[in-house]
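Participant:
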Amino acid sequence: MSKACFKRILLKLSGEALMGEKGYGIDPVTVNYMAEEIKKAYELGIEIAVVIGGGNIFRGVEAAEQGIERATADYMGMLATVINALALQNALEKIDVNTRVQSAIEMRELAEPYIRRKAIRHLEKGRVVIFAAGTGNPYFTTDTAAALRAIEIGADVIMKGTKVDGIYSSDPFKDPKAKKFDKLTYMDVIRDSLKVMDSTAITLCMDNNLPIVVFNIRKYDNLKKIILGQKIGSIVLKEVQYAGVQEES
Ligand code: UDP
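Okay, so the sequence shown: first residue is 0 according to numbering that gives the first Met the number 0, each after it adds one.
#1: In this structure, does DSSP put Glu46 in helix, strand or coil?
#2: Assuming Ile51 and Leu12 are in contact, meaning their beta carbons sit under 8 Å apart, how far apart are those beta carbons, in whole angstroms?
#3: Let me check understanding here. Comparing Cα to Cα, which of Met75, Val28, Ile119 and Arg99 lies closest to Ala110?
#4: Label Lys230 either buried or exposed according to how many other C-beta atoms from any shown protein chain fall within 10 Å of its C-beta, with 16 as the threshold for buried.
#5: Report yes if the C-beta distance between Ala132 and Met77 is below 8 Å; otherwise report no.
#6: State the CB to CB distance for the pair Ile250 and Leu91, rounded to an integer number of angstroms; the pair is presumed to be in contact (CB under 8 Å).
#7: Under 5 Å from any heavy atom of ligand 1, by CB: list those residues in chain order, please.
#8: Please report how far the alpha carbon of Val244 lies from the alpha carbon of Thr184, in whole angstroms.
#9: So which of Asp206, Val213 and Ile152 has the shortest CA-CA distance to Arg182?
#10: Measure the C-alpha to C-alpha separation of Phe5 and Val156 and round it to an integer number of angstroms.
#11: For Ala242 and Tyr167, what's the separation of their Cα atoms in angstroms?
#12: On the DSSP letters alone, give me the boundaries of the beta strand (DSSP E) that Asn215 sits inside.
#13: Using a Cβ distance threshold of 8 Å, determine whether the stretch 170-177 contacts the stretch 139-148, with at least three qualifying pairs required.
#14: Among Gly59, Met205, Val81 and Thr29, which residue has its Cα nearest to the Cα of Ile250?
#15: So, are the CB atoms of Pro137 and Asp73 less than 8 Å apart?
#16: Does the beta-carbon of Thr71 have 16 or more other beta-carbons within 10 angstroms, so that it is buried, or is it exposed?
#17: For the alpha helix (DSSP H) containing Ser233, name the first residue and the last one.
#18: Quick one: give me the first and last residue of the beta strand (DSSP E) that Gln101 is part of.
#19: At 4 residues or longer, what runs of the alpha helix (DSSP H) sit wholly inside the stretch 12-44?
#20: Identify the continuous alpha helix (DSSP H) that holds Ala144 and give its terminal residues.
#21: Can you name, in chain order, every residue of its own chain whose Cβ lies under 6 Å from the Cβ of Tyr113, other than the five neighbours on each side?
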């Protein structure tokens with residue numbers, strides 16, 4: 000059997016990853032697909048933590064623009080991530096993957112509170128740990144939560160599952176000339192304002208030298224293939240030997 004290249008990963012899924020083609024909320028078929036993809040990675044024997052977003056249900060910034068006070072709107076957004084975490088937990092448990100949800104905002108009836116050492120223990124015991132409620136603080140994003148949790152648990156890499164094949168010079172859905180990057184540095188991402196993660200998340204990764212892989216989670220087996228060493232998607236590192244930009248396939 001081929002060997003996994005990582006021991007412990009943090010997978011970041013946006014809330015949109017759970018909504019499928021519906022445009023809002025949770026699509027059960029899509030959640031089941033995500034769970035299957037995680038299971039394939041899990042069966043390679045690596046430790047997996049997941050941070051899930053909430054944008055399919057509620058986004059603080061947008062709600063704030065419509066008049067809800069920003070901090071309140073952000074707390075509402077964090078609650079949305081808990082709904083998604085429970086949906087993903089349910090889908091994983093249905094296919095015999097052991098999980099724990101840890102929430103950055105205490106709600107003990109549904110999830111454990113976030114306790115770093117306990118999260119690590121769960122990982123060591125082969126449980127997928129789903130981190131809910133972001134960082135627990137308004138004015139942050141779940142990308143920043145992903146960076147923070149990944150560093151805290153000593154993950155080897157953040158894998159950001161998206162609906163595109165990697166990091167592009169511009170939005171590939173809107174710009175047919177968008178170029179895909181193979182490897183980039185954190186500074187490239189910050190300087191060119193590339194859409195990878197928000198700047199707080201990127202600088203946190205940069206300061207702690209945590210690699211970020213951005214890949215298309217909608218492509219069957221992609222997560223597993225990356226863990227087995229295939230060069231899929233784009234990687235952000237401290238230093239890269241430039242391979243140049245790739246043409247969009
Ligand atoms: N959020 C927050 N603090 C955090 C993480 C998230 O306030 O640490 C709120 C914020 O309002 C955000 C919402 O939760 O808009 C949903 O998270 P995000 O937009 O990051 O989800 P994604 O885009 O990944 O689906």
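Every residue, glycine too, gets a C-beta built ideally from N, C-alpha and C.
Facilitator: If we stick to the structure as given:
#1: Glu46 sits in a strand when the DSSP states are folded into three classes.
#2: Between Ile51 and Leu12, the beta carbon gap of about 5 Å places them in contact (Cβ cut-off 8 Å).
#3: Nearest option by C-alpha distance: Arg99.
#4: By the Cβ neighbour-count rule, Lys230 is exposed, with fewer than 16 other Cβ atoms within 10 Å of its own.
#5: In this structure, Ala132 lies near Met77, with their beta-carbon atoms less than 8 Å apart.
#6: Given that the chain is displayed from residue 0 to residue 248, the structure contains no residue 250 and the question cannot be resolved.
#7: The set, ordered by position in the chain, is Ser13, Gly14, Gly52, Gly53, Gly54, Arg58, Gly59, Asp73, Gly76, Met77, Gly133, Thr134, Pro137, Phe139, Thr140, Thr141 and Ala144.
#8: Confidence is the limiting factor: at Val244 the pLDDT is only 49, short of 50, which leaves the residue's position unreliable and the question unanswerable from this model.
#9: As written in the sequence, residue 182 is Lys, which differs from the Arg given in the question. The residue among Asp206, Val213 and Ile152 with its C-alpha nearest the C-alpha of Lys182 is Val213.
#10: Approximately 8 Å between the Cα atoms of the pair.
#11: Note that Ala242 scores 49 on pLDDT, short of 50, meaning its location in the model is unreliable and no value can be drawn from it.
#12: Unbroken beta strand (DSSP E) run through Asn215: Ile211 to Asn215.
#13: Contact between the stretch 170-177 and the stretch 139-148 is absent, because fewer than three Cβ pairs lie under 8 Å.
#14: Because the chain here runs from 0 to 248, residue 250 falls outside it and cannot be looked at.
#15: Between Pro137 and Asp73, the CB-CB gap stays under 8 Å.
#16: Under this definition Thr71 is an exposed residue.
#17: Element bounds for Ser233: not the alpha helix (DSSP H) but the beta strand (DSSP E), Ser233 to Leu236.
#18: For Gln101, the enclosing beta strand (DSSP E) stretches over residues Thr98 to Ser102.
#19: Every alpha helix (DSSP H) stretch that sits fully inside the stretch 12-44 and reaches 4 residues is listed by chain position as 27-41.
#20: Ala144: member of the alpha helix (DSSP H) spanning Thr141 to Ile152, first to last residue.
#21: Excluding sequence neighbours, Tyr113 sits near Gln101 and Ala103.
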